[in-house]
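These notes are about the structure you will find just below.
Number of protein chains: 2
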Amino acid sequence: MEQRNRGKEAEKLKLLKISPWSVSCEDGSQETLDFRESVFSQGNGYMGVRGYPPEGEKKHGFERSTFLSGFFEYIKPGTTDMVNQPDFSVFRLVLNGRELRECTCTGFCEELDFRNGALTRRYVASDAEGRRTRVETVRFLSMADVHAAGVRIRLTPENYDGEVTLTAGIDGGVVNLPISDDQLTQNVEVAQLWGRITLRPAVKGGGLTALTDYSKRAVSMEYRLDDHGGNYAWEPAFADSFAGEKAVIPVHEGQAVTVDKLVAVYSYRDGASPAEAALAAADACAQRGFDGMLKDTASAWNAIWQAADVELDAPDEWQGGVRYNIFQLVQTDPRSDPHASIGARGLMHGRYKGCYFWDTEIFMLPLFLHTDPQAAKNLLLYRYHTLEDAVKSARGFSLPGARYPWMASDTGFEQCGTWDTGCCEIHITADIAYAVGRYLEVTGDDDFFRDCAAEILIQTARYWTERFTYDEASDRYNLLFVKGPDEYCGVTTNNLYTVWLASENLRLARDAVARMKKEYPREWESLRERLDFHEEEAAAWEDRMRKSVRRYDEERRLWIQDDTFEKLEPLNPADYKEDDIPLYHKISYDRLQRYQVLKQADVLMLMAMRPKDFTPEQKRTAWNYYEPKTLHDSTLSFGIHALMAAQVGRTEEASRYFEKSLFLDLRDVMKNTAREGIHTAALGATWQALVFGFAGLWADADGVSCTPQLPREISGMRFGFQYRGERYRVQIDGKRAQVERLGR
Amino acid sequence: MEQRNRGKEAEKLKLLKISPWSVSCEDGSQETLDFRESVFSQGNGYMGVRGYPPEGEKKHGFERSTFLSGFFEYIKPGTTDMVNQPDFSVFRLVLNGRELRECTCTGFCEELDFRNGALTRRYVASDAEGRRTRVETVRFLSMADVHAAGVRIRLTPENYDGEVTLTAGIDGGVVNLPISDDQLTQNVEVAQLWGRITLRPAVKGGGLTALTDYSKRAVSMEYRLDDHGGNYAWEPAFADSFAGEKAVIPVHEGQAVTVDKLVAVYSYRDGASPAEAALAAADACAQRGFDGMLKDTASAWNAIWQAADVELDAPDEWQGGVRYNIFQLVQTDPRSDPHASIGARGLMHGRYKGCYFWDTEIFMLPLFLHTDPQAAKNLLLYRYHTLEDAVKSARGFSLPGARYPWMASDTGFEQCGTWDTGCCEIHITADIAYAVGRYLEVTGDDDFFRDCAAEILIQTARYWTERFTYDEASDRYNLLFVKGPDEYCGVTTNNLYTVWLASENLRLARDAVARMKKEYPREWESLRERLDFHEEEAAAWEDRMRKSVRRYDEERRLWIQDDTFEKLEPLNPADYKEDDIPLYHKISYDRLQRYQVLKQADVLMLMAMRPKDFTPEQKRTAWNYYEPKTLHDSTLSFGIHALMAAQVGRTEEASRYFEKSLFLDLRDVMKNTAREGIHTAALGATWQALVFGFAGLWADADGVSCTPQLPREISGMRFGFQYRGERYRVQIDGKRAQVERLGR
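If you read the protein sequences in the order shown, they are chains A and B.
For the first sequence, position 712 (counting from the first letter as 1) is numbered 712 according to this note's numbering, and the numbering increases by one without interruption.
For the second sequence, position 45 (counting from the first letter as 1) is numbered 789 according to this note's numbering, and the numbering increases by one without interruption.
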């Protein structure tokens, strides 16, 4: 049994070929399909599709996943789910009267190209009579116009004359698979969120508008067919929820038939008339054509890579892996949309109901902050736009100010249903304030400070003011009933990470008030009045910053995670964990919280985020103490450990942790990529390990520093970043780093 | 607004007339109907009905509540609900072509008689033409044969000759109102748990068998009509789910028409053929007749009152109130059924999905323990019969032994869905062990000890062995992440109540092992082998008993509730609470847990349960410290405070708290009796305050003591109890108590 598992594992490791600019696979089997669908996911920030075969037929509607950024619907009072959208990829294919599933496939190859985002699938389908058809499909979501996508199918009879029947269109017959946020709960039901679907017939094209049942939220998808002059006899093929057409196409040996489907997608989020917008956009797509659109997309990607690429002198697999991480994160970021954020599985899977966590601000944001500040700003604007909900949420907890939800969707109201996490994992509010602070430090964006950041910082600080509990006996403030990033810590007191960042939040608010007064007196007057701010509030902030409880053991030079951590029962992880599958599958969550083990970095996380607050000795001590106790049962853990390992000079461990994060999905480290999709926080953590860890870059109000700590596998690296409106270029060769300012 | 509320309140106080042997009401308005339905609930332990009018028509199926003890069904995987049963009470009445709702009612009086459990309703219905009809209905559930019930309707035209149309039968058209166990969640959906319903026609009688949809659990109800020789022209009146008949009855001025419906109920829980059993039983009912059955019921109640009555020299309202509390608790106890227990709202409401809590063992059991030991034993046998589920539950928490669920139904698997309560309010396991210990002390039941108790005690002790966490630094055991009876305490460490009772559980197990070895060596050998018991286990128990952390402040002579209690923010309850409505409606649960306020007795609860473990001084100190901080936001709080007030000699406060508990539902103290039903734990707490508090009775292995502490309102009391197989009688006159042994 164990032997067999190891065998499977080895197979998975070599399943994908990771090249510097692409990932490919020559295994087209059903067993690996879900995994491949995850790793070959595509997106353009506006929409995302899992890498499912356009021409294949999956049994269930929920298995064909297409998501739109910020498109949610209620599944019960107060609880939303990200809506699985109509399937615009679908082509239905019958070869000489044979369904594709009756054929055997050989020569399979599938490749995702980072330079244009296109997914190409090629194989030869042979039927029982020995007729062989070369099949090639290409799909891309446009980066030049995020409402557009193209799907091409090309069929070439290798050894016969015959006919193929091709159906093309848009299929509204999809459902949601509502997924509990309890990691141990299996999903048992599907939900039909779509209500009325209106189909629109047209010649060589058509479309549909679907309305969600409850909120009547609309999506319109319009397609145009280009049969490359074939002039096949297309006939309408409409059904309940399918808008499409069908042609029986005569084919001849050695002659390719090519059909392109060009798609435009608009939703209620884009304005009042998504149907009209989609119609116009589809016509524009038809005019430009598949190849033109793909070319535009490649140009757009080229610009992204100019800003975000990290070139390595390292094995191809590392280079390709790094680009894959950046590529996937950029693909799923709603870049120009200030009303949406990035889900824990992006637009690549419905897990966690598409919700946004601290993952965005703490793990993913840094990449954008340094390579696309406008995109970073939009992620923070999403939080500004949900600030009002956060204020109402705080009231719901009988507290002033703003309390951001552990899980957010298109509303800022809590989407997490479990008490220990939803009520107690409150660091999210400080995380957002931290991210706002980092954004201001790195960009120097005064407008954002004045118009949005000051208000966020003041309202979140107000929350903390009363979330701390004053203890008269010790004249200190305790943070009671709190859960830190280490979710195996139980519900505890004075989690260091949370206390530290909450205090930081208070400091940022205090400084923001002072700066508003000084630099923007008129705007401050209006904000002060609107928020009914009183001077005593700042004094209360000061008091909590000074008197919050943070446990430091002078003798051991050790920062202690929380008040209960050292009371927990010791456990040797190696006795229980022999792979990277989370231990909560073997030992109950409830039991794990009484063992002295961490699910993921907690004190080390804090040190990674506030590198200047701790001495090298404190970092080393913390590493030596916490790292052996950490189970890495969260995908958020590896990258941060790689970063910290690099910082404390343990390059071999850094390299080992980095590989876990780098290949987390590509090698299915956690064994859940197939059924959960891409782990977006890990993508960002990989980038941080690389840039903040190995390259040793750090930019803040003091300026920029770069102290590389390359692992054995990397001899040099080159990348660009932005700081305070200017572009910089870093070149590292071994220990030597050169930072060049390129200007605006 | 406030003025008006006080006006309403005053009305509610005088709504009911409380007499020594009955409760009655002359208000028949719609506004008070839900409240009256709750307080006039009826039961016989096997079944229970809310006090809804047999002849009225309520709009919704869930508003006609009939429940059977232990009859649950799954509403989602792992979660059950108590099933609302077909309505056997219903009579449909049309007076001279007028619906009852078109008439005006005068002279209304409704009375519930504690001597036979009958609910009688009388009024005069007048129509627009001035025709007046006297209406009287009587309903009882038989205490002599718990499968039987009778409903009588008597109609007398006062000033006309005419006709009435009467429909009688059994209505399967009922649904469930699944109620969240979150006290703040509103109920929004009804659930249809019934699937196939088979109707059975017959002459002057009929019946139905209904099967739940999911588990195919059957209930059969059969009725017989007795029209007292009227020989009316009954015709079948069957519908989808209604089995019945109808007659148009000529009526004459001053002449009464009487129709009795005699009902028999059997379910899948009673054997393989509930339908046959119901048929035979209905025929027996018909033979005995309504008056004969009611007489039998009065005899059965007489026997119950012989054992359980508490006679007071006190105002009638107090005497009647005390009997009401005893009456309601006895009515809802499944007495002879060792596979069911008593829900938090008994058989009187679906709140908490009919689940069983610690309420049974800690609040209700003592009454039965002292007045009906066999009934007490059956309640504990329910826990023995779900021990296997508790063992499996412990495994689910990665722990050995048995872990009883916070909420149980017909399975012993956890029915509570919230993390802080369902996972952390673990004292339930120790509560059950405590109750087992009390049962053994008071009854001396050796068979139960040998056959059931020893196993329960050992398995529960094993759970605690690993639930404690050893702290090497202090050489002590902490109980981490625990919630005590005070549910406003957050999730904390070393809750004194839980630690104390857990240690007591370990002690009971240790003693049980020793006693089994000595007195039942053969049975022990078999049990030891079956449980795979090792001698080291007892040593581990000993270690935890000695080294568990219990905080006692020597200087203040104060037992401290838990490790965080004194770190909480002080709050003066009077500033926020001006009535008895729980504060969690005003301040969020999450916020309340950081205030130094108690939802209900915690340390005082422990002292009430273990009176000899604490000195009078410790009790006084605890009272002085905790009582002013207690919000009594649980109905479990008043009675225990009355008991403890009596014990610390504060008779005026005792009297005040006692009245809250005594009239909790009769005067709607918590303002939720209408929509939630009778609070069964408070019924038991009232009895404990009276007998353990005012009478000062205590029976344990040392014998029986009685030190009365009567409040001003009570000058004397007389009651019986049982101890070690013998009957005793207590007579108290002022400070003097006389305990007389009556023998077996």
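Every residue gets a Cβ at the ideal spot worked out from N, C-alpha and C, and that includes glycine.
C-beta neighbour in chain B for residue i, strict 8 Å
i                            : result
glutamine 709 of chain A     : no
aspartate 590 of chain A     : yes
aspartate 420 of chain A     : yes
glutamine 593 of chain A     : yes
serine 496 of chain A        : Rather than serine, the amino acid found at residue 496 of chain A in this sequence is leucine. No, its Cβ sits nowhere closer than 8 Å to a Cβ of chain B.
leucine 399 of chain A       : yes
glycine 396 of chain A       : yes
phenylalanine 413 of chain A : no
isoleucine 560 of chain A    : no
threonine 564 of chain A     : yes
threonine 493 of chain A     : yes
phenylalanine 88 of chain A  : no
isoleucine 153 of chain A    : no
Cβ of residue i within 8 Å of any chain A Cβ
i                             : result
glutamate 1313 of chain B     : yes
glycine 1234 of chain B       : yes
aspartate 1215 of chain B     : yes
threonine 1173 of chain B     : no
cysteine 1029 of chain B      : no
cysteine 1167 of chain B      : yes
glutamate 746 of chain B      : Below a pLDDT of 50, predicted positions are generally treated as unreliable, and glutamate 746 of chain B, at 36, falls in that range; the measurement from the model is reported next regardless. Not closer than 8 Å to any Cβ of chain A, the Cβ of glutamate 746 of chain B fails to qualify, so no.
phenylalanine 1071 of chain B : no
8 Å Cβ cutoff met for residue i and residue j
i                        : j                         : result
leucine 1091 of chain B  : glycine 894 of chain B    : no
threonine 465 of chain A : tryptophan 541 of chain A : yes
arginine 1473 of chain B : leucine 1454 of chain B   : no
valine 175 of chain A    : asparagine 325 of chain A : no
Where residue i meets chain A, residues with beta-carbon distance less than 7 Å
i                          : result
asparagine 1222 of chain B : Lys567
cysteine 769 of chain B    : Going along chain A, no residue has its Cβ under 7 Å from cysteine 769 of chain B, so there is no contact; the nearest lies around 37 Å.
Candidates the options, of which the one nearest residue i by Cα
i                          : options                                    : result
serine 215 of chain A      : A/Lys353, A/Lys660, A/Arg724, A/Phe71      : A/Phe71
valine 330 of chain A      : A/His349, A/Tyr477, A/Ala376, A/Phe357     : A/Ala376
valine 1186 of chain B     : B/Gly1447, B/Arg808, B/Gly913, B/Leu899    : B/Gly1447
glycine 1094 of chain B    : B/Asp825, B/Gln1432, B/Val1483             : B/Asp825
aspartate 359 of chain A   : A/Met407, A/Thr371, A/Leu225               : A/Met407
glycine 230 of chain A     : A/Pro250, A/Arg224, A/Asp240               : A/Pro250
asparagine 1122 of chain B : B/Gln1050, B/Gln1391, B/Asp1077            : B/Asp1077
leucine 863 of chain B     : B/Gly916, B/Cys769, B/Gly874               : B/Cys769
valine 879 of chain B      : B/Pro945, B/Pro798, B/Tyr1369, B/Tyr967    : B/Pro798
arginine 1290 of chain B   : B/Arg1251, B/Tyr1183, B/Ala1179, B/Tyr1320 : B/Arg1251
isoleucine 1304 of chain B : B/Thr881, B/Trp1244, B/Ile1172             : B/Trp1244
Counterpart residues of residue i in DSSP-defined beta bridges
i                         : result
leucine 211 of chain A    : A/Ala218
asparagine 159 of chain A : Answer is none; asparagine 159 of chain A lacks a bridge partner.
leucine 969 of chain B    : B/Lys1005
cysteine 853 of chain B   : B/Arg866
Near the ligand PLP: residue i beta-carbon under 7 Å from a heavy atom
i                          : result
isoleucine 1384 of chain B : The ligand PLP is absent from the structure shown, which contains no ligands of any kind.
Closer than 8 Å at the beta carbon, the chain A residues around residue i
i                            : result
phenylalanine 779 of chain B : Near phenylalanine 779 of chain B there are no residues of chain A at all, since even the closest Cβ is about 28 Å away, more than 8 Å.
isoleucine 1325 of chain B   : Ordered by position in chain A, no residue passes the 8 Å Cβ test against isoleucine 1325 of chain B, which lies about 16 Å from the chain.
Contacts that residue i makes with chain B (C-beta to C-beta distance below 8 Å)
i                        : result
isoleucine 75 of chain A : Those within 8 Å of isoleucine 75 of chain A in chain B number zero; the least Cβ separation is about 14 Å.
Neighbouring residues, chain B, relative to residue i (Cβ below 9 Å)
i                         : result
isoleucine 587 of chain A : Ser1142
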